[in-house]
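First up is the structure itself, then whatever we jot down about it.
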Amino acid sequence: MNYLKNTAKFIGLVLFLIVVLLCILVFTPENWLWDSQAQVERIRAEIPQAQARWQAHQITHYNIDARVYIHSGPCGKGGEPTTLKIRYNQLVIPPYDTENPTIADLEELCQISSFLPPKLFAFLDKELSHLDTTRYYVTVDFDPEYGYMSSYSFRSTIPGGQVFYKFDNFQPITKW
């Protein structure tokens, strides 16, 4: 009798765990099994369009606010915006300031210039070409007018593997 009771409890537990696992797989909004590959394909299709929009404006000087969130590791000012100055398509890094080292840190620790036009398009193409969509989930949004990347999210199945970049307050500079 005890054997049957224990067997029934075990089967009940196994069935419960299977139902929980299925719920996680089905109801997770960013499901790696179905959506990750679709996101990569969408981004790859949008890269040439975004790059064409960027090139059509012929912008080489601009300011943009960047927010960087990284789950594990120092980068930026904890999600506060940092205004970046780009001149001749290069990130301007002011002399290192021990009181406010964020722009130098954003470049050294976070490679922020890789996420800015014009480097952005080649960077994304390279990153997406070897991305394991069973382990990583990437989303990218491009600005509809200028084509720069307005947001980038990278998530991993490994705990702590989250990175989020947000760019806004874009200001093309015609004279400086």
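Using this note's numbering, you'd call the opening residue of the sequence shown number 4 and step up by one each time. For glycine and all other residues, C-beta sits at the position ideal for the given N, C-alpha and C.
Anyone know if the C-beta pair for Arg47 and Leu131 falls short of 8 Å? yes
Cβ pair Ser154, Tyr168 closer than 8 Å: yes
Spatially closest choice to Leu109 from His64, Glu148, Thr85, by CA coordinates: Thr85
What residues are listed by DSSP as bridge partners for Glu110? Answer is none; Glu110 lacks a bridge partner.
So, with DSSP's three-state summary, where would you put Gln93? strand
Assuming Pro175 is part of the alpha helix (DSSP H), what are its boundary residues? That residue, Pro175, is in no alpha helix (DSSP H); its beta strand (DSSP E) goes 165 to 175.
Backbone secondary structure at Ile161 - three-state DSSP: coil
Given a threshold of 16 other Cβ atoms within 10 Å of its Cβ, counted over all protein chains shown, does Phe30 qualify as buried or as exposed? Low per-residue confidence applies at Phe30: pLDDT is 48, beneath 50, and the placement is therefore not dependable, though the value from the model is reported in the following sentence. Phe30 should be labelled exposed.
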